[in-house]
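In short: position in the sequence shown from 1, add 8, done, that's the working numbering.
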Amino acid sequence: MQLYSTKNHHITATLKEAVMKGLPEDNGLYMPAQIPALSDNFFKNLQYRSFQEIALTVTQTLFQGAVPEKALEDIILNALNFPAPLIRLDEDTYILELFHGPSLAFKDFGARFMAQLMGYFNRGEDTELTILVATSGDTGGAVASGFFRTPGIRVIILYPSGKVSFLQEQQLTTLGHNIHAIEVEGNFDDCQAMVKQAFLDPELNTRLRLSAANSINIARLVPQSFYYFEAFKQLTPDGPPVVFCVPSGNFGNLTAGLMAKKMGLPVHQFIAATNANDVIPKYLQTGHFTPLPSVPTLSNAMDVGNPSNFARMSDLYSTTMGTSQCSTWNNMQKDIWGVSASDMETERSLYRVFQQYHYIIDPHGAVGIHALEQYNKSQNIRTRGIVLETAHPAKFLPDVQRILELKIPIPERLAGLAGLPKSSTRLPADYLLLKDYMLNLQ
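1) With DSSP as the reference, label Arg217 as helix, strand or coil.
2) Report yes if the C-beta distance between Leu183 and Phe156 is below 7 Å; otherwise report no.
3) Consult DSSP for Ser13 and reduce its assignment to one of helix, strand or coil.
4) Please work out which residues of its chain come closer than 7 Å, Cβ to Cβ, to Val172, disregarding the five sequence neighbours upstream and downstream, and give them in chain order.
5) CA-CA distance, Gln310 and Met352?
6) Counting pairs of Cβ atoms below 8 Å between the segment 237-255 and the segment 129-147, do you hit three or more?
7) From Pro299 to Val312, what distance separates their C-alpha atoms?
8) Could you tell me which whole beta strand (DSSP E) segments of length 3 or greater appear in the segment 117-167?
9) Count the other CB atoms, across all protein chains shown, that sit within 10 Å of the CB of Gly73; report buried if there are 16 or more and exposed otherwise.
10) Would Glu397 pass as a contact of Glu105 if the rule is Cβ separation under 7 Å?
11) If you draw a straight line from the alpha carbon of Met39 to that of Arg228, how long is it in whole angstroms?
12) Verify whether the separation of the beta carbon atoms of Asn186 and Arg162 is less than 7 Å.
13) From Asp98 to Val361, what does the alpha carbon distance come to, in whole angstroms?
14) Work out the CA separation of Asn86 and Gln124 for me, nearest whole Å.
15) Should Val141 go down as buried or exposed, given a rule of 16 or more other Cβ atoms within 10 Å for buried?
16) Which stretch, first to last residue, makes up the alpha helix (DSSP H) that contains Gly265?
17) Tell me which same chain residues have a C-beta within less than 7 Å of the C-beta of Phe50, skipping the five on either side of it?
18) Around the Cβ of Glu355, are there at least 16 other Cβ atoms within 10 angstroms (buried) or fewer (exposed)?
19) Let me confirm a value: Thr331 is counted as buried when at least 16 other C-beta atoms fall within 10 Å, else exposed. Which label applies?
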């Protein structure tokens, strides 16, 4: 398998190089040189395949022999040992529950797969690998859980102080051992900028073996494509066209869906659902991509003002469908419909879903419900909408209970975190201080 940089297609890497480096030296993002289509037979028999069998076929098709089949089987079985059930709300509305993993967030699919894949590639290395990652909420907990006590790997997680929920923070600051949390005095974009600067620092990369673990790493995106196929499998074969509504922040999840579509998944359209950080919906409306400082919202894991994966989205469409900026925008518009939700609209959707369906959804899923409703109002055809429910509502307990005026149960794996002592290092949003910390970390 060969990959290239979105900034310069002449900068290439093998799968191992791309996964272990995280970022190309030109600060682009790695993209597969080929995204092959799956066979007709695969889709014909999709409903008879297990989730793990689907994942193995998709991975083999993408990796093209870069990892032996037996090793891939072990990676997938160890990583994907929890389900992704599709819940029917009504005849045309479904919820894809992606929170049944250890950290109760969709990031578990990518983080656990990546941890297993990196562990495979890291065999026999004498020098410790340092995973550096920025989180706006759920990535941190999933990465911490996925890499916890992994031999030869230590993890440094940057998160914005005061801008993640209490239980999200507990998930990434209470494990210890090889997991180190940095509480940054800034927003997520500051954290992400510091991470990218680290990967471009020649001195730091000479002294440390660095890799990335959020959706800038291609090893995170590949497994996130699996559950689009798994969701489609759980629908009845005949019915209206399928639309996936994807609550989005850094847009790795939606990019993974676009990759699944390119591999042949018959998706009618994607809905890019954002909160007030609506850079992508505005781009889809105007053709102008204008990053802005992120603003805090109720759906905090989506508080991203400069989504990294827009580079992959643009590359995917410019490479496969045209070369000009205008044609990239026009073609992206055909597949993606963007809409944002205010906090008030998010609260209303969360409350209405409970009243109408007796289903408790989290604020990010509520953004998705609002977006799907707006989409349906704008269309002239009937579709089946699948909203990706990206996190368990208990992770946002104070807000969900306030909105519903209802006490909701907390899963045991979350409840046990509340009383654990927090361990983190607080730093200003200053890259040089982060660099000094990393070089002196024992």
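For every residue, glycine included, the Cβ atom is placed at its ideal position computed from N, Cα and C.
In terms of the structure at hand:
1) strand
2) yes
3) strand
4) Gly145 and Asn308
5) The residue you asked about is not Gln; residue 310 is Met in the sequence shown. Approximately 16 Å, taken between the alpha carbons.
6) no
7) 9 Å
8) 137-142
9) exposed
10) yes
11) 12 Å
12) yes
13) 11 Å
14) 8 Å
15) buried
16) Gly260 to Lys270
17) Thr65
18) buried
19) With a pLDDT of 49 at Thr331, under the threshold of 50, the modelled position of this residue cannot be trusted; read the value that follows with caution. With fewer than 16 Cβ atoms within 10 Å of its Cβ, Thr331 is classed as exposed.
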